[in-house]
Amino acid sequence: MMRPNLMICSASDRSLHHTWLDGDPKRNWDLYLSPYRPLSIAQPPDVSVGPLRDKQKFAALHDLLTEDQWWREYNNVMLVDEDIFAMPGTWSRFFDWTDRLDMRMMAPSLTANSIFSHPVTVQQPGHAVRRVSFIEIMMPSFRVDTLDLLLPTFALSPSGMGWGLDYLWAHLLDYSGIYIIDETPVTHWRPSAHTKNYGDEMNALLAKYHVRATEETFEVVL
């Protein structure tokens, strides 16, 4: 039976997605793996595995999501990297928030011991939800109609890595309906191995579409 939410994980044998499934028997999300290296480890029967991709993350996701429409049956779709650790039940509690907010795009916060690049993404203790101007490309979750709107931007990244798309998405949404959920923090374990020409690609994208690189907490909701 299809669950209401979908997580698409860029995966290899180093992926932490097995830990996400533990301790969450009534989870409210389905898991689809998009492998960038062959998977030699057996997967649970209700985890879907796509073909081995031959492009970088967002170029591959653009192909996957434009070639078929199956993902449109879900309420929300998260595009998550493999090096995210979450305690049991965290993802389900995260998706529970989507029914409580006017959410268009959101992400869980990062624990203080995470490897992070953007301070706005780090958990603020004592808060549950913040309305923000920025969701990082590492694990954005989109309402399905928002993903439909933003999907063409996935093809704008020359490298396929998506550098700068997170700023562009917020700009295209007029900084509306974007949230970080501090109540459901996760941990990012590994630094990015793909940083060559990161600044050049991002700056070119932002200049082309007249986007400012803003990272703000507009409002503490709860």
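Following our numbering, the numbering of the sequence shown begins with -1 at its first residue and continues without gaps. Cβ atoms here follow ideal geometry from the backbone N, Cα and C, with glycine treated the same way.
Residue i and residue j closer than 8 Å at C-beta
i, j, result
"Trp27", "Phe93", "yes"
"Leu77", "Pro150", "no"
"Thr119", "Leu108", "yes"
"Gly175", "Met85", "no"
"Val184", "Arg128", "no"
"Leu62", "Ser32", "yes"
"Ser90", "Arg25", "yes"
"Phe114", "His186", "yes"
"Phe56", "Gly160", "yes"
Span of the alpha helix (DSSP H) around residue i
i, result
"Phe93", "Thr88 to Asp94"
"Leu203", "Tyr196 to Lys206"
"Thr64", "Lys55 to Glu65"
"Trp18", "His15 to Leu19"
Local Cβ density within 10 Å of residue i, reported as buried at 16 or more and exposed below that
i, result
"His16", "exposed"
"Asp11", "exposed"
"Phe216", "exposed"
"Asp79", "buried"
"Arg51", "buried"
"Pro106", "buried"
"Arg188", "exposed"
"Val130", "buried"
Cα-Cα separation, residue i to residue j
i, j, result
"Asp198", "Trp68", "35 Å"
"His125", "Glu181", "7 Å"
"Gln121", "Ala110", "7 Å"
"Met(-1)", "Arg98", "24 Å"
"Leu154", "Lys206", "11 Å"
"Leu203", "Leu59", "19 Å"
"Val75", "Leu145", "8 Å"
"Met101", "Asp172", "13 Å"
Endpoints, the beta strand (DSSP E) within which residue i is located
i, result
"Val47", "Val45 to Val47"
"Val218", "Thr215 to Val218"
"Trp27", "Trp27 to Pro33"
Q. What are the start and end residues of each continuous beta strand (DSSP E) run of 3 or more residues lying completely inside the segment 129 to 188, in chain order?
A. With a minimum length of 3 residues, the unbroken runs of beta strand (DSSP E) contained wholly in the segment 129 to 188 fall at 139 to 141 and 176 to 186.
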